[in-house]
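Chains as they are written, first to last, in our numbering: chain A, 1 to 324; chain B, 1001 to 1320. Worksheet: one structure, shown below.
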Amino acid sequence: MELTQDQLIKLYTLMVRTRKCDELIVNALKSGKAIGFFHSGQGSEAVPIGACTFNLRDDDYLYPHHRGHGIGYMLARGLSPKPFVASHMGRVAQDVEGPTARERGIHGGSGTIGASFVLSAGMGITAKKNGKNQITACFFGDGSANRGTLHEAMNLASVWKLPIVWVCENNLYAQYMPLKDSMAREDIADLASGYNMPGVIVDGQDVLAVHEAVKAAVDRARAGEGPSLVECKTYRYRGHSEGGPDISHYEPRPAKELEEWKKRDPIKLFRENLLQQGVLTDADVERIDKEIEAEAETLEKYADECPIPKPEDPSVLDRLLYAE
Amino acid sequence: MKQTIYLMAIREALDEELQRDDKVFILGEDVQQGTFGTTTGLVDKFGPERIMDTPLAETAVAGAAIGAAQAGFRPVADMMFGDFMYIAGDEIMLKAAKWRFLHGGKVNVPVVIMAAVGGGMKLGAEHSMIPEAMIMHTPGLKLAVPSTPYDAKGLLKTAIRDDNPVVFFYHKGLLGLPGEIPEDEYLIPFGQADVKREGSDVTVVATSAMVQQSLAVAEQIKDKVSVEIVDPRTLEPFDLDTIIESVKKTGRVVIVDEDTKRCGITAEIGMQIMENGFDYLDAPIQRVAAANMPIAAGFMEEHVLPQPKNIAGAIEAVMA
């Protein structure tokens, strides 16, 4: 099924919003407003948006990749960005409208990389047992592709024909480690043959290509034919973690590499495509940019007004530890 | 009441809960056959879709169970040996234990991780552990350590119905232990210690197979010392009150445990008694636990794991 003009514009808008929310946190960390870690996903917006916006049902399960701390996945699934922005400022989101992460099957945000493989296998078992043609989409990076959990989970999923779509956001670096020095092969999609499942490589800068490849894998999983692997070749513009070095091993990443990838920026590519097709006009692009700029300003002000948690009653934390 | 043995009581608990709730399923390596008999035969009644033989992949066994629990099922992951839980450390100690907490209480993880534990079978360093301290140390995990058929059945049924992750350790040395259980359904609430033997001279706190060993020692020395034996039954939640009540009566404490002595549960329980019951003590607390080394294989095992003579010796020392 071809995407409608409205759907194309939605994909574009979501990518721009994802980029803007990511920039918001990067800037807030610089100004001292945000706290903790942030692992930017700038440059790879086409992966979560292309994969998740029109291919998943509300009752599907989704384990996001950690880049951008999941903002692309949240926006693609119709969640408000308020909790994302507020929590990065250490604040408790107020008046959140729209569905919750749970209501859109979004699980995780793991502090350890590669845990999502085996947890997703469990979600796949659940999806199969429920008998409602649900699927599980598990996103991971090139770094976690070296974890043993990948092997255990992909093998199990294939043996049991679990309805799982494994999507690799291959941005070529695991923290400071370049893929070429950490994996015995160039293409992660090659792993699929070891588990007797389809593995495809897709241009991760092309949101429509990601959409199509993931759609085929989702359709296959929903039809009960088992898991598939989709490898999206992409790049991250920023260093591993804000405030940390932007390096390959211990030396700066090659400037030319970033330059080349930015020529194929996913937002720029899709904008040019839509302008060329006449789906968007220059005026539309300007309007969308302004709207999203305004949204970001509103979000930042909103976060400033959200309360910092003050657990005067220490039982607040106790109540989180165990269910009654 | 009816006669049964420890492993049958476990199987009966699983059977009843599988029957009661179709969200319950078991997965693990060779659970259809059942390495220790605890799951044997369940596949005939519930089918391979609910008694799931997995590949040899402990991380996937625990991880998949935890993922399915997050999505609303009540899986029982059989890790076979307790030692093998270390392979799935991220899944059990981080994901199962922490994810309700770090997801703001919005995700429950109602999983049971069960494993055969303990020594006595001369199976060597990586098939003989009872890693109680590791689990009791980890906030977010509950831990049941039954010492009788009655406790095993009642605690396992409670574990499966709990909305939190529960580790259930069944002791290999107790599998054939006979005992009585009610004909009718029963559950044992967590956090309620059981006085396994009443006495007035010394309180022995023991778990799992050490309860049985302590009972045997108490019987042997009954003409000399009146031993009270308190079995916490669950280490998290932990019923300190019953222990303190016993200490008020006896004034003397021996803690017996099969896990490693250093930073083991004997250290934790001993300190809790010091903090909350020091005034009732008439003598320094004695403890008996495994030596601070790997569990040696074969006949050397008894030089590492606590033996009846060690328990008798500790009781003698605390009475001196």
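Beta carbons: idealized from backbone N, C-alpha and C, even for Gly. For clarity, every value in this text was computed on a predicted model and none was experimentally measured.
A buried status is given to Asp22(A), since no fewer than 16 other beta-carbon atoms sit within 10 Å of its beta-carbon. Gly1179(B) carries a strand assignment under DSSP once its states are collapsed to helix, strand and coil.
Of the candidates Ala1071(B), Gly1028(B), Phe1101(B), Gly1028(B) places its Cα closest to the Cα of Ile1051(B).
Spanning the alpha carbons of Gly1072(B) and Lys1002(B) requires a straight line of approximately 35 Å.
Here Leu1143(B) is near Thr1234(B), since their CB atoms are less than 8 Å apart.
Residue contact check for Gln1212(B) against chain A: no CB pair falls below 8 Å.
In summary, Gln1213(B) is buried, with 16 or more beta-carbon neighbours lying within 10 Å of its beta-carbon over all protein chains present.
Taking CB atoms only, Asn155(A) has a neighbour in chain B less than 8 Å away. Its Cα nearest to that of Val1256(B), the residue Pro1308(B) stands out among Pro1308(B), Gln1220(B), Ala1125(B). Taking 8 Å as the cut-off, the Cβ atoms of Gln1032(B) and Pro1055(B) do not count as close. A Cβ-Cβ distance of about 6 Å is found for the pair Met197(A) and Leu229(A), placing them in contact under the 8 Å criterion.
If you draw a straight line from the Cα of Ala1289(B) to the Cα of Pro1306(B), it is about 6 Å long.
Listed by position along chain A, the residues whose Cβ is nearer than 7 Å to that of Ala1064(B) are Val118, Ala121, Gly122, Ile125, Leu156. Annotation: Cβ neighbours of Asp1163(B) in chain A (cutoff 7 Å, chain order): Ala323.
Thr13(A) and Gln7(A) have their C-alpha atoms roughly 10 Å apart.
Below the 7 Å Cβ cutoff, chain A contributes no neighbours of Leu1042(B), its closest Cβ being approximately 17 Å away. Two segments are said to touch when three or more pairs of C-beta atoms, one from each, lie closer than 8 Å; by this definition the segment 65 to 76 of chain A does not touch the segment 213 to 227 of chain A.
For Tyr1280(B), there is no enclosing alpha helix (DSSP H), as DSSP marks it with neither H nor E. Excluding residues up to 5 positions away in sequence, Thr149, Glu152, Ala153 lie with their Cβ nearer than 7 Å to the Cβ of Val118(A) in the same chain. Counting only runs of 3 or more residues that sit fully inside the segment 1233 to 1298 of chain B, the beta strand (DSSP E) segments are 1234 to 1236, 1253 to 1260, 1286 to 1290, in chain order.
With contacts defined as CB atoms closer than 8 Å, Leu162(A) and Gly124(A) qualify as a contacting pair. Identification of chain B residues near Gly148(A) by a Cβ-Cβ cut-off of 8 Å yields Thr1059, ordered along the chain.
Within chain A, the residues whose beta carbon sits less than 8 Å from that of Thr1054(B) are Leu156, listed in sequence order. Annotation: Ala1125(B) has no Cβ neighbours in chain A at a cutoff of 7 Å; minimum Cβ distance is about 22 Å. Look at Gln1070(B): its C-beta is under 8 Å from a C-beta on chain A. Distance from the CA atom of Tyr1170(B) to the CA atom of Arg220(A), rounded to whole angstroms, is 42 Å. Not one beta carbon of chain A lies nearer than 8 Å to the beta carbon of Arg1074(B).
Any Cβ of chain B closer than 8 Å to the Cβ of Val159(A) would place that residue at the interface, and such an atom is present. The beta carbon of Glu152(A) sits closer than 8 Å to some beta carbon of chain B.
Residue burial annotation: Val210(A) is buried, with at least 16 other C-beta atoms found within 10 angstroms of its C-beta. Between the C-alpha atoms of Val1112(B) and Ala1077(B) there is a straight-line separation of about 6 Å.
By a beta-carbon distance limit of 8 Å, Gly1118(B) contacts Glu1258(B). Their separation comes to about 6 Å. The beta carbon of Val47(A) sits closer than 8 Å to the beta carbons of His65, Gly72, Phe139, Val167, Glu169, Gly204, Val210, Cys232, Thr234 from its chain, once the five residues preceding and following it are set aside; these are given in chain order.
Between the alpha carbons of Ser44(A) and Phe1025(B) lies a distance of about 39 Å. Identification of residues in the segment 1128 to 1141 of chain B having a C-beta nearer than 8 Å to some C-beta of chain A yields Pro1139, Gly1140, given in sequence order. As the crow flies, the alpha-carbon of Ala51(A) is around 7 Å from that of Lys215(A).
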